RNA sequence: GCGGGCGUGGCGAAAUUGGCAGACGCACCAGACUUAGGAUCUGGCGCCGCAAGGCAUGUAGGUUCGAGUCCUAUCGCCCGCACCA
C-alpha cells in the first residue's frame with residue numbers, strides 16, 4: 017500500500033467539512049485559546065507561497081492547543097473594504113463588490129487545499145452589512161464619547177454636557193481648541209449649533225477642518241501611516257497637504273495608554289520600538305516669550321525638550337504657517353517674508369523631504385529673553401513644522417545640529433553655553449556639560465538644569481512642563497466609494513447620528529464611482545443620499561479591521577457587536593500572527609478601539625492581543641536567462657533576431673573575455689550552420705524566466721521553448737551540458753516570474769508535505785527567499801513515515817507487541833522534542849524532531865501500534881491528513897483532531913547512567929560512566945578516583961569539579 | 001543621522017540557562033539493488049592533513065576552567081523612522 021496523498025487529503029477534507037470537525041462552540045466549561053491570523057485583503061493576484069506561511073504556523077499551533085485540551089478559536093475572514101479593492105476594481109473595470117466576490121472565492125479555494133482548521137461558520141467580510149452595521153455602531157459610540165482626562169478614560173458625551181451645565185469647561189479644557197473657554201452661564205446661553213460645535217471639539221470621532229494628506233491620483237485623503245516618504249503607500253502616488261473637512265479619531269487622547277499598554281503585551285522589541293517611535297512621547301517645557309513692541313497678550317510660545325539651554329538661544333524660528341507670522345512681520349521684511357512663504361507653498365512635501373535645503377527668512381521681529389533681556393531675532397523657516405509642538409522653537413545653535421546649520425548658513429552669531437564641549441565646528445547635544453554664560457544656571461550640569469529652569473519659568477509664570485506627542489489624530493474619512501458609510505446626517509450643518517435602529521446604513525450600489533461634483537466622495541452623486549443629507553465620505557480601510565477579532569467570538573449576534581459573555585470567555589487573542597507592515601496602522605487603531613470599548617464597558621480587557629508574532633516575508637528567488645545580441649558578418653544580426661540564442665550563466669558572466677568570444681563564435685557558427693561567420697562583438701541581456709520551469713538553477717529547455725511562442729526556436733549555448741540560470745533575490749511578484757503557487761505544490765506533493773516544508777524552511781519570523789528544491793526531503797520523510805505502517809506488498813506492518821525500553825525511549829524523546837519546539841513556536845525544529853524520530857524508528861524496525869499511535873498524534877498539527885488516515889487504520893478512538901496529546905513518562909527521558917566527557921580546565925577526551933542521579937559529591941569522588949584523571953592532575957589539587965547535568969564534567973585546577 | 005535586529009559549511013539552518021559547534025534537510029560523492037533511474041537503501045560530506053592531529057561560528061580584543069552564546073571596539077547586511085525641537 018502506497019502513500020496516496022491526493023486521495024487521503026481529499027477524503028479527509030471532505031469528511032471534516034461534512035462532520036463540522038472545525039466548528040467551535042463557546043463552551044465556557046473548557047479553557048480557551050484564541051489563535052488569530054491577520055485577515056487578508058483578497059487581492060486579484062491569488063496566493064503565492066509567501067501568503068500561507070503565517071496561516072500554516074497559526075494552524076499548527078491551533079491544532080496543537082486543541083490536542084492539549086483547549087477550546088481553540090481559530091477563525092478567518094476577509095478585509096474586503098478599502099482602497100486596494102476599489103483601485104483593483106477601477107483598474108479592471110469591475111464593480112468592487114463583484115471583484116471582491118470572485119477574489120474571495122479564488123482565495124478560499126486555494127486555502128482549502130492546504131487543509132486549515134478554520135471555523136468557517138464564523139467567517140465574515142468587513143463589507144457585509146451584518147458586519148459593518150456594528151462598525152457603524154462603534155463609530156457612533158466613539159462619536160458619542162469624549163476622553164475624560166481626570167478619569168483617564170472615555171466617557172459618554174452626555175456626562176460632559178452635564179459638567180458644562182454645572183461648571184463650564186474649566187475642568188475639561190477643550191482638546192480641539194484651547195482658547196475655547198466658558199462657564200456654566202455662558203454654556204446655557206449658547207445656541208444649539210454653538211453647543212454642538214463645541215462638543216465636536218471633544219468627541220473621540222469628530223469632524224473638523226485640518227491639514228490632511230491628499231492624494232490626487234487616488235482622489236482621497238490618507239492617514240499618516242499610509243504615506244511613506246511623501247508618496248502613497250498604495251500605488252506610490254504623490255501626496256500633498258490640503259485643508260479639508262475631515263473625520264478624525266482622537267487617538268492622541270490614548271497616546272499614553274497605547275504606550276504603557278505595550279508593557280503588558282508580548283510583541284517583539286522591534287514592534288514595540290516602532291509603535292513607541294510613532295507615538296513619539298517627549299518631555300519638555302513650553303515657554304512664552306514676549307515680542308518686542310507687541311502687546312503682552314501676544315506671546316510667542318515655543319516647545320523645547322531642553323529648557324536648560326535657555327541662555328543659549330540665539331534666534332527663534334516659527335513655522336511658515338504659524339498664525340503669529342502675519343502679525344509680527346515688520347514692514348521692512350514684509351516683501352521678503354511673503355516671497356519666502358510663496359516659495360514654501362510651491363514645494364511639495366516630497367521635494368521638502370528629498371532636498372533638505374536650508375532656507376528661511378528673517379521676520380524683522382524680536383523676542384525678549386525673559387532672563388537676559390536680550391532681543392532675539394525671530395526667523396521663519398520650513399524646517400520648523402507647524403504640526404508639532406507649538407510650531408515655533410527657540411534655536412540653540414551650540415547644542416542643536418539643525419539650529420547650528422541654520423545659524424551658519426545665515427551667518428547668525430552663536431552663543432556657547434557649554435564651554436569646551438562646543439568646538440565651533442558642529443553642535444553638541446550633550447546633557448552632561450556644565451553650563452556657562454547661563455545666568456542663574458551657571459555651573460549646573462545640564463541634566464539637572466532642566467528641572468531648575470522649568471521651576472524658574474513656572475515661578476515667573478512664563479512657562480510650564482509639557483509632554484508632547486508626535487502622533488497626530490487619525491484621519492478617518494475617505495472620499496471614496498468602497499467603504500463603510502458614516503451613519504451621519506447633516507441637519508442644518510450639524511452632524512447628527514442616525515438612530516441605532518436605522519443601522520446598517522447600507523452602501524448603495526452605484527455603477528460609477530468617480531468623485532462628486534465638489535471633490536467629495538462618489539456618494540455625493542447618489543440622489544437618495546444627498547436628498548437625506550447623508551455624509552458622503554466613507555470610512556477608511558482600517559475601520560473594519562479595528563475590531564474584527566471581537567466579532568469572531570460571537571459572529572451571528574444581531575443584538576450587539578459581541579455579547580459580553582462571549583468576549584469575557586474568549587478574552588484577548590492569545591496568539592496573533594501577521595506581517596510587520598501593520599505595526600503603526602492596524603495594530604495601533606485596533607488597540608485604541610479595544611481600549612475605548614473597554615472604557616465604555618462593552619468588553620472586559622483593554623489590550624486586544626496578548627502575544628504577537630510577525631511572520632517574515634518570503635522573497636522570490638528570480639531566475640534569469642541571458643539572450644545574446646550579436647554583431648558581425650553574414651546577416652548575423654538578423655539571424656539572431658529570428659532565432660533567439662541564450663547563453664548559460666557561466667558564459668554570460670565571462671562576457672568580455674577572449675575565451676567567451678571564441679566559444680560563442682564557434683557556437684554561433686554551428687547554430688546558424690555557417691562556419692564563415694565572424695563575430696565582431698556581442699552583449700548579453702538578462703531576462704526573467706519563470707522559476708517554475710527551472711530545476712534549481714538548471715533550465716528545462718523544452719519547457720522554456722513552450723513557455724512563449726517567441727522562444728519556440730530558441731537555441732542554447734550550454735556549460736557542461738546544462739543551461740544554468742542566473743539567480744537574484746527579489747520581491748515575489750507575478751511581474752518577475754518568480755511566484756510559486758501553493759496549489760501546484762499541493763498537487764505535486766500533497767498539502768501535508770507542503771505545510772511541513774513551508775515550516776521546515778526556517779524560523780517563522782525570519783524573511784527568506786523561497787526555494788522549492790528542498791521539498792523533496794520533507795516528502796521523503798512522509799513516505800518513510802508511511803512505511804512504518806505499511807509495506808507495499810505485505811500491507812499493514814503494525815503489531816500489538818509490547819515496545820522495548822529502547823523504543824519507548826525513542827518515541828518519548830521525540831514527543832518531548834516536538835512538544836517543546838511547538839510550544840516555543842520553533843516549527844522548523846519541530847519538523848526536524850519528527851524526522852529524527854521516524855529515522856530512529858525505521859532503524860529500530862519498530863512497527864508497534866502503541867508507539868505508532870503516539871507518533872500519529874504529535875504529527876497531527878503538522879500533517880493532519882496523513883495523521884488522520886493512519887489513525888483510522890490503526891483503529892484509534894474518535895477523531896485524531898481531538899486525541900489527547902501523549903503524556904511523556906519521565907523515566908524514559910533520562911538514561912540511568914551516561915558517559916560523561918571529563919575535562920581538566922576545559923581540555924577533554926576521556927569519558928566516564930556516571931549515574932544520572934548521582935550527587936555532586938559522588939560525581940567528584942568518581943572523577944577524582946579515576947586513574948587517568950589522577951595522571952592528568954599530576955599531583956595538583958583540584959579547585960573544584962563542575963558538574964553540568966547532561967553535559968560534561970570539568971575539573972578546575 | 002537615530003532606533004531595532006542579524007552575521008555559523010556549497011545552500012536552508014540547529015545548538016532551552018555559557019558546557020562535545022554544524023542536529024535535520026538540500027546539493028554533492030561513493031556503493032548496493034536494478035534493463036534503467038530523477039525510485040529505494042547504505043556510507044561519506046566544515047577547512048588543512050594519508051594519519052595522528054591542528055584550525056574553525058564576520059574581524060580584533062576582553063571576562064571565564066570553558067564563549068556561536070556575555071562585554072568592548074570594528075566591518076558588513078536587513079528592517080523601521082527620518083528636519084518631531
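Residue numbers (this note's numbering): 17 to 973. Beta carbons are placed, not taken as given, at the ideal position from N, Cα and C, and that holds for glycine. Note that the structure is predicted; figures quoted are calculated from it, not measured.
Bridge-paired residues (DSSP) for residue i
{"i": "residue 546", "result": "According to DSSP, residue 546 bridges with nothing at all."}
{"i": "residue 825", "result": "Partner(s): none; residue 825 has no beta bridge."}
{"i": "residue 704", "result": "640"}
{"i": "residue 485", "result": "297"}
{"i": "residue 576", "result": "Residue 576 is not bridged to any residue."}
{"i": "residue 324", "result": "According to DSSP, which records beta bridges pairwise, residue 324 is partnered with nothing at all."}
{"i": "residue 594", "result": "630"}
{"i": "residue 506", "result": "511"}
Limits of the beta strand (DSSP E) - the one that residue i falls within
{"i": "residue 17", "result": "No beta strand (DSSP E) contains residue 17, which DSSP labels as neither H nor E."}
{"i": "residue 53", "result": "48 to 53"}
{"i": "residue 396", "result": "391 to 396"}
{"i": "residue 561", "result": "Careful: residue 561 lies outside any beta strand (DSSP E), inside the alpha helix (DSSP H) at 558 to 561."}
{"i": "residue 379", "result": "377 to 384"}
{"i": "residue 510", "result": "510 to 513"}
{"i": "residue 100", "result": "Taken as a continuous stretch (DSSP letters only), residue 100 belongs to no beta strand (DSSP E), being part of the alpha helix (DSSP H) at 99 to 108."}
{"i": "residue 262", "result": "255 to 265"}
{"i": "residue 410", "result": "408 to 411"}
{"i": "residue 433", "result": "Run containing residue 433: none; DSSP gives neither H nor E here."}
Residue i in three-state terms, based on DSSP
{"i": "residue 441", "result": "coil"}
{"i": "residue 636", "result": "strand"}
{"i": "residue 539", "result": "helix"}
{"i": "residue 329", "result": "coil"}
{"i": "residue 716", "result": "coil"}
{"i": "residue 287", "result": "helix"}
{"i": "residue 193", "result": "coil"}
{"i": "residue 163", "result": "strand"}
{"i": "residue 960", "result": "strand"}
Run of the alpha helix (DSSP H) containing residue i, from where it starts to where it stops
{"i": "residue 863", "result": "Per DSSP, residue 863 belongs to no alpha helix (DSSP H) and is neither H nor E."}
{"i": "residue 939", "result": "936 to 945"}
{"i": "residue 797", "result": "791 to 805"}
{"i": "residue 13", "result": "The question about residue 13 has no answer, for the chain in this structure spans 17 to 973."}
{"i": "residue 620", "result": "Run containing residue 620: none; DSSP gives neither H nor E here."}
{"i": "residue 113", "result": "112 to 130"}
{"i": "residue 675", "result": "674 to 688"}
{"i": "residue 212", "result": "208 to 216"}
{"i": "residue 88", "result": "Segment 87 to 89 is the beta strand (DSSP E) holding residue 88; no alpha helix (DSSP H) there."}
{"i": "residue 770", "result": "767 to 776"}
{"i": "residue 906", "result": "906 to 909"}
Pick from the options that is closest to residue i, judged by C-alpha positions
{"i": "residue 426", "options": "447, 373, 462, 463", "result": "373"}
{"i": "residue 570", "options": "22, 89, 55, 49", "result": "89"}
{"i": "residue 516", "options": "359, 756, 156", "result": "156"}
{"i": "residue 338", "options": "541, 795, 394, 21", "result": "394"}
{"i": "residue 120", "options": "604, 66, 734, 59", "result": "59"}
{"i": "residue 628", "options": "283, 267, 168, 34", "result": "283"}
{"i": "residue 428", "options": "439, 441, 417, 413", "result": "413"}
{"i": "residue 573", "options": "856, 196, 747, 150", "result": "150"}
{"i": "residue 679", "options": "145, 638, 707, 734", "result": "734"}
Fill in: At least 3 beta-carbon pairs within less than 8 angstroms: the segment 327 to 339 vs the segment 428 to 436
yes
Fill in: the segment 618 to 632 contacting the segment 172 to 187, beta-carbon criterion three pairs below 8 angstroms
no
Worksheet entry | Stretch pair the segment 820 to 828 + the segment 854 to 862: three plus CB contacts closer than 8 angstroms | With the cut-off at 8 angstroms, the segment 820 to 828 and the segment 854 to 862 touch.
Fill in: Contact between the segment 289 to 304 and the segment 474 to 486 (3+ Cβ pairs under 8 angstroms)
Three or more Cβ pairs drawn from the segment 289 to 304 and the segment 474 to 486 lie within less than 8 angstroms of each other, which places the two stretches in contact.
Fill in: Cβ contact check for the segment 899 to 908 and the segment 831 to 838: 3 or more pairs under 8 angstroms
In short, these stretches touch, since the Cβ pair count reaches three.
Worksheet item: Touch check for the segment 225 to 234 and the segment 254 to 267: three-plus C-beta pairs under 8 angstroms?
Response: yes
Worksheet item: Just checking, does the segment 541 to 558 make contact with the segment 126 to 139 on the three C-beta pairs under 8 angstroms criterion?
Response: no
Worksheet entry | the segment 795 to 806 touching the segment 18 to 31, judged by at least three CB pairs closer than 8 angstroms | yes
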